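K.L.:
Next comes the structure, spelled out in structure tokens:
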């Protein structure tokens, strides 16, 4: 019935997937999950009321896979799907009397890479601006769900409004191009704009351009309150990289020096690399969350 209706809640879709996998000879069972409590579920007294979701635990050889069949538009290798934020699950199978940890896969492809390029005109009045954003893994799944009901024209308007708040007047050169490879789980968005007032005069013939490491910001936003008594979960593990290249017209030169910086912690690594070259300036931010 679920297959015919193309509709169902987590219980319906889990039962359907478990049935299909078992028909294929794969060991699969439902697993009860507490989506909001995560690993803290181990501190609760056993009760069915603790759980609010159900997913699939499958076993292929010695490898355990956790799959949430309610997540639409998933791509890629299911062995790389990371549901470890759920913490623990109660597998509904004979002989099971304890919670099982939902472990992070040995390998994931989650990440966001943004490559921005600024090409100022010789007089500095306009800047051609291109952006290429590559989403992989869970980020590709998220963007695929977000973009599936949005036309290229709608996407162009939304993106233009966003950059307009940052750089002032923006002209959309072409509607954004979305390239999706669900098999590899890679989704790429290409954008082209003309910025009419991005360069700000600082006197003495010096022009300034503000740049933002948006990809890093996805994983480094602070919570509403920094006062806490428990561990902080701040980002989906993965690689967040933002590259900015500013091409220099003839007789233009940078007024700052190259610089490199690195900061490492138990859960992350951050690098910043500012490169000053003859024909361009390149700034690379990379934030690796483990």
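In the numbering used here, the protein residues as written are 297 to 586. Glycine included, C-beta positions come from ideal geometry on N, C-alpha and C. Values in this document were obtained by computation on a predicted structure and should not be read as measured data.
(1) Contact between the stretch 423-431 and the stretch 400-415 is defined here as three or more beta-carbon pairs at a separation below 8 Å; is this criterion met?
(2) Using only alpha-carbon positions, find the residue among 439, 364, 360 and 494 that is nearest to residue 401.
(3) Can you tell me whether residue 351 is buried or exposed, with buried defined as 16 or more other CB within 10 angstroms of its CB?
(4) Would you mind listing the alpha helix (DSSP H) stretches within the stretch 485-550 that are 4+ residues and don't spill past its ends, in chain order?
(5) Of all the options 518, 470 and 550, which has the alpha carbon lying nearest to the alpha carbon of residue 504?
(6) Which ranges does the beta strand (DSSP E) cover as unbroken runs of at least 3 residues, wholly within the stretch 391-456, from first to last along the chain?
(7) Report yes if the C-beta distance between residue 466 and residue 491 is below 9 Å; otherwise report no.
(8) What residue range does the beta strand (DSSP E) around residue 339 cover?
(9) Kindly list the residues whose CB is nearer than 6 Å to the CB of residue 397, restricted to its own chain and excluding five residues on each side of it in sequence; keep chain order.
(10) With a 10 Å radius around its C-beta and 16 neighbouring C-beta atoms as the bar for buried, classify residue 299 as buried or exposed.
(11) Am I right that residue 546 and residue 436 are in contact with their C-beta atoms under 8 Å? What's the rounded C-beta distance?
(12) I'd like to check one pair, residue 353 with residue 336: are the Cβ atoms closer than 9 Å?
(13) Which class does residue 305 belong to by DSSP, given the choice of helix, strand or coil?
(14) Taking just the CA atoms, how far does residue 376 sit from residue 585?
(15) Taking the C-alpha atoms as reference points, what is the distance between residue 578 and residue 460?
(16) Are the stretch 475-488 and the stretch 519-535 in contact at 8 Å, needing three or more beta carbon pairs?
(17) Among 306, 474, 368 and 571, which residue has its Cα nearest to the Cα of residue 539?
(18) Does the Cβ of residue 390 have 16 or more other Cβ atoms within 10 Å, making it buried, or fewer, making it exposed?
(19) State the CB to CB distance for the pair residue 382 and residue 329, rounded to an integer number of angstroms; the pair is presumed to be in contact (CB under 8 Å).
(20) Assuming residue 433 and residue 565 are in contact, meaning their beta carbons sit under 8 Å apart, how far apart are those beta carbons, in whole angstroms?
(21) Take the Cβ of residue 440 as the centre, count every other Cβ of all protein chains shown within 10 Å, and call the residue buried at 16 or more, exposed below.
(22) Does at least one heavy atom of the ligand FMN sit under 8 Å from the Cβ of residue 394?
(23) Can you give me the C-alpha to C-alpha distance between residue 525 and residue 510, rounded to a whole angstrom?
(24) Residue 583: buried (16+ other C-beta within 10 angstroms of its C-beta) or exposed?
P.N.:
On the basis of the coordinates in this document:
(1) Enough Cβ pairs lie closer than 8 Å, so yes.
(2) By one-based count along the chain shown, residue 401 stands at place 105. Per the Cα distances, 360.
(3) On the chain shown, residue 351 is found 55 positions in, with the first residue counted as 1. Counting Cβ neighbours within 10 Å, residue 351 comes out buried, since at least 16 surround it.
(4) Listed in chain order, the complete alpha helix (DSSP H) runs (minimum 4 residues) inside the stretch 485-550 are 510-516.
(5) By 1-based counting over the chain shown, the position of residue 504 is 208. Closest option to residue 504, judged by alpha-carbon separation, among 518, 470 and 550: 550.
(6) 407-416 and 423-432, all fully within the stretch 391-456.
(7) Along the chain shown, read from residue 1 onward, the residue named residue 466 stands at position 170. Along the chain shown, read from residue 1 onward, the residue named residue 491 stands at position 195. Contact: yes.
(8) Against the chain shown, residue 339 aligns to sequence position 43. Annotation: residue 339 is outside any beta strand (DSSP E) and is labelled neither H nor E by DSSP.
(9) Taking the chain shown and counting its residues from 1, the one referred to as residue 397 is at position 101. Excluding sequence neighbours, residue 397 sits near 384.
(10) As a first step, residue 299 is located in the chain shown; it is residue number 3 there, counting from the start. Exposed, because fewer than 16 other Cβ atoms sit within 10 Å of the Cβ of residue 299.
(11) Numbered from 1 along the chain shown, position 250 holds the residue referred to as residue 546. Numbered from 1 along the chain shown, position 140 holds the residue referred to as residue 436. About 40 Å; that fails the 8 Å criterion.
(12) In the chain shown, counting from the first residue as 1, residue 336 sits at position 40. In the chain shown, counting from the first residue as 1, residue 353 sits at position 57. No, the pair does not count as a contact, with Cβ atoms beyond the cut-off.
(13) Residue 305 sits at position 9 when you count from the first residue of the chain shown. Residue 305: coil per DSSP, three-state reduction.
(14) Within the chain shown, the letter at position 289 stands for residue 585. Within the chain shown, the letter at position 80 stands for residue 376. Straight through space, the alpha carbons of residue 376 and residue 585 are spaced by roughly 16 Å.
(15) Working through the chain shown from its first residue, we reach residue 578 at position 282. Working through the chain shown from its first residue, we reach residue 460 at position 164. Approximately 23 Å between the Cα atoms of the pair.
(16) No, the stretch 475-488 does not touch the stretch 519-535.
(17) For the purposes of this step, residue 539 is taken as residue 243 along the chain shown, with counting starting at 1. Put simply, of 306, 474, 368 and 571 the residue whose alpha carbon is nearest the alpha carbon of residue 539 is 571.
(18) The count along the chain shown starts at 1 and reaches residue 390 at position 94. Residue 390 counts as exposed, since fewer than 16 other beta carbons sit within 10 angstroms of its beta carbon.
(19) For this step, residue 382 is matched to residue 86 along the chain shown. For this step, residue 329 is matched to residue 33 along the chain shown. In this structure residue 382 is in contact with residue 329, their Cβ atoms being roughly 5 Å apart against a cut-off of 8 Å.
(20) On the chain shown, residue 433 is found 137 positions in, with the first residue counted as 1. On the chain shown, residue 565 is found 269 positions in, with the first residue counted as 1. The Cβ separation is near 18 Å, so there is no contact.
(21) In the chain shown, counting from the first residue as 1, residue 440 sits at position 144. By the 10 Å Cβ count, residue 440 comes out buried.
(22) As far as ligands go, the structure on display features none, and thus does not contain the ligand FMN.
(23) Reading the chain shown from its first residue, position 229 is the one you call residue 525. Reading the chain shown from its first residue, position 214 is the one you call residue 510. Whole-angstrom Cα-Cα distance: 29 Å.
(24) The sequence position of residue 583 within the chain shown is 287, counting from 1. Under this definition residue 583 is a buried residue.
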